[in-house]
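Here the protein sequences line up with chains A and B, keeping their order. All letters in the first sequence, in the order written, are residues 1 to 62 by this note's numbering. All letters in the second sequence, in the order written, are residues 1001 to 1197 by this note's numbering. The C-beta atom is built at its ideal place from N, Cα and C for all residues, glycine as well. Every value quoted in this text rests on a predicted model; they were computed, and no experiment measured them.
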Amino acid sequence: MTDQAPREPKLESEASLDEARLRQQAIGVKLRQMFDEIVNESVPQDFLDILRRADDKGRVDG
Amino acid sequence: MVQRNILDPESEAAFKGDLVALIPHLRAFARTLCGDAAAADDLAQDAVLKAWDARSSFQMGTNMKAWTFMILRNQFYSEKRRSWRQTQLDQDAAERTLVATDDPEAPVALDEMRLAMGMLPSEQREALILVGAGGFAYEEAADICGCAVGTVKSRVSRARRALHGILEQGAYDRDGRSAGDAMRSILADAERLSGPR
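See the structure below:
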C-alpha cells in the first residue's frame, strides 16, 4: 500500500552510514600504513649495540 | 614482590631473539607517542634495555609484545612527568618532525594523517594506535594503558571521530590546501591500496 513512502529517507540514511563507514575504513588503512612505514624502516645499529653491551656486562658480572 | 628466576642460556637467547624482533614495533609506537623521531628512538632504546634487564620477571608464554609496549609506555609517561611541559612540547615536536619530511612529490594523505594524529590528546592517540595499527585487542590495550576496557573503547571511538573531523575540515595547520582535500586524498589512497575486491 503505502510502504513505498518511508523507503527513501531510510535509503538516504543508509547511504550516509555507508559513506561514514567508508571514511572510517580509509582512515584505518592510512593509520596502519603510517605505523607500518616505521615498522619497515631498518633498525638503527644503536639498538643492537645496546643489547650486545648489556649482554657482555651480564657475562662479566657472572 | 619480584620473583627472580634466573633464565637458562637457552631461554635467554630465545628472549633476546623475540625482543630484537619487537624493536621495529617499539620504534613505531614510540614515534607515535613522541612525535619527534630522535626522542622516539631514545625512548625505544631505553625500553629495550629495561625489558632486557627485567627478562627474568617476564612470564614466558605470555604476550611479550604487550609487555614491552607497557614498559615503553610507562617509561614515556614517567619521563614526561619528570621533565616536560608536555602538551605544548608534544604539539611543537610533532609539527616540526611531521612537516620536516615535507616533500612536494610525496603523497599528501600520509602527511595530513600524521599532522592530524598529532592534534589528538595523547591518551586518545595511543589507544587508537594500539588498537587500530598495533594489532592489539581492546583487552590488551587496556592492560598496556592500565585502564578499563570500556575506557579504551571510548578513547578509540572518540579518537576516530576527532580524526575524521580534523581531516574533513582540514583543521590541521597547513597553508594553501583547501578543507576536505586531506580526506579526499585519504579516500583515494585507501581505494588504491585495497585494490579490486
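Fill in: Integer Cβ distance of B/L1007 from B/F1015, believed to fall under 8 Å
Their Cβ separation, rounded to whole angstroms, is 7 Å, which keeps B/L1007 and B/F1015 in contact under 8 Å.
Worksheet item: From the beta carbon of B/Q1124, is the nearest beta carbon of chain A less than 8 Å away?
Response: Taking a beta-carbon distance threshold of 8 Å, B/Q1124 does not count as an interface residue toward chain A.
Practice prompt. Compare the Cα-Cα distances from B/Q1075 to each of B/E1191, B/F1029, B/M1113 and B/V1149 and report the closest residue.
Written response: Taking B/Q1075 as reference, the option from B/E1191, B/F1029, B/M1113 and B/V1149 with the minimal CA-CA separation is B/F1029.
Worksheet item: So, using beta-carbon positions, are B/S1011 and B/M1060 closer together than 8 Å?
Response: A contact, by the Cβ cut-off of 8 Å.
Worksheet item: Counting Cβ pairs closer than 8 Å, one from the segment 1150-1165 of chain B and one from the segment 1113-1127 of chain B, do we hit at least three?
Response: Cβ pair count under 8 Å is three or more, so yes.
Worksheet entry | Cut-off 7 Å between Cβ atoms - residues of its own chain near B/D1046, not counting five sequence neighbours on either side | Excluding residues within five positions, the ones whose Cβ falls inside 7 Å are Q1075.
Worksheet item: By Cβ distance, which residues of its chain are closer than 7 Å to B/E1139, with the 5 residues on each side in sequence left out?
Response: Sequence-distant Cβ neighbours of B/E1139 in its own chain, meaning closer than 7 Å and more than five residues away, are V1149.
Item to complete: Flag B/M1070 as yes if its beta-carbon sits less than 8 Å from any beta-carbon of chain A, otherwise no.
Response: Not one chain A Cβ lies under 8 Å of B/M1070.
Worksheet item: Roughly how far, in whole angstroms, is the beta-carbon of B/A1051 from the beta-carbon of B/L1019, given that I think they are within contact range, below 8 Å?
Response: Indeed, because the Cβ distance is near 6 Å, the residues count as touching under 8 Å.
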